[in-house]
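In our numbering, the protein residues as written are 1 to 173.
Every residue gets a Cβ at the ideal spot worked out from N, C-alpha and C, and that includes glycine.
Structure record follows, encoded as structure tokens.
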């Protein structure tokens, strides 16, 4: 008997393997006047949610894009944000790579509001096919197939188990 436990992100596109690392240098900034960082996971306290001013830097590797087997004009950069608890996804922006990619992409407050505020979201930057290609073995062909992806997780702090809370009446743990 077969039971599916989790979906896997497998992309057997051997012809596009050179593009897999195109977004590896992507960075994120969570608050205004804060430097960009390579970190992929963050804990957002409840009092920090109102200060969020999220922006991402794709830092696309131009050498990787130019050396890829798929022409740059057939690629697009997509930025999405989703809340796994609410099961909602929002497309922040789609940027065709026929033109130069933006240096910085802001995730607006309205996007965070639609997704429950910003303390339980995942932001993904993906290099995708802008248009469908002819079907060939080992090559992506459907519009939207992603070739390279990087995710940034913003999560609330984990609650402290009740057994670890201080019992004032007994002055003990």
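Our contact map puts residue i next to residue j with C-beta atoms below 8 Å; I'd like the distance itself, whole angstroms only.
i, j, result
"residue 154", "residue 75", "Residue 154 to residue 75, Cβ: 27 Å. No contact."
"residue 19", "residue 68", "4 Å"
"residue 152", "residue 28", "5 Å"
"residue 59", "residue 25", "4 Å"
"residue 103", "residue 150", "Contact doesn't hold; Cβ gap of about 16 Å is too wide."
"residue 117", "residue 49", "5 Å"
"residue 107", "residue 125", "No, residue 107 and residue 125 are not in contact; Cβ-Cβ is about 11 Å, not under 8 Å."
Judging by CA-CA distance, which residue of the options is the nearest neighbour of residue i?
i, options, result
"residue 119", "106, 61, 157", "157"
"residue 159", "44, 66, 92", "44"
"residue 34", "72, 78, 142, 51", "51"
"residue 91", "101, 98, 97, 105", "105"
"residue 37", "21, 49, 48, 55", "55"
"residue 109", "101, 100, 121", "121"
"residue 138", "66, 53, 70", "70"
"residue 100", "141, 66, 39", "66"
DSSP on residue i, reduced to helix/strand/coil?
i, result
"residue 19", "helix"
"residue 101", "coil"
"residue 124", "strand"
"residue 153", "strand"
"residue 106", "strand"
"residue 112", "helix"
"residue 119", "coil"
"residue 1", "Summary for residue 1: the model assigns pLDDT 47, below 50, so the residue's position carries little reliability, and this model does not support an answer."
"residue 133", "coil"
"residue 27", "strand"
One question on the structure: do residue i and residue j come within less than 8 Å of each other, judged by their Cβ atoms?
i, j, result
"residue 81", "residue 115", "yes"
"residue 127", "residue 77", "yes"
"residue 61", "residue 98", "no"
"residue 64", "residue 131", "no"
Could you tell me which whole alpha helix (DSSP H) segments of length 4 or greater appear in the stretch 30-98? 62-67
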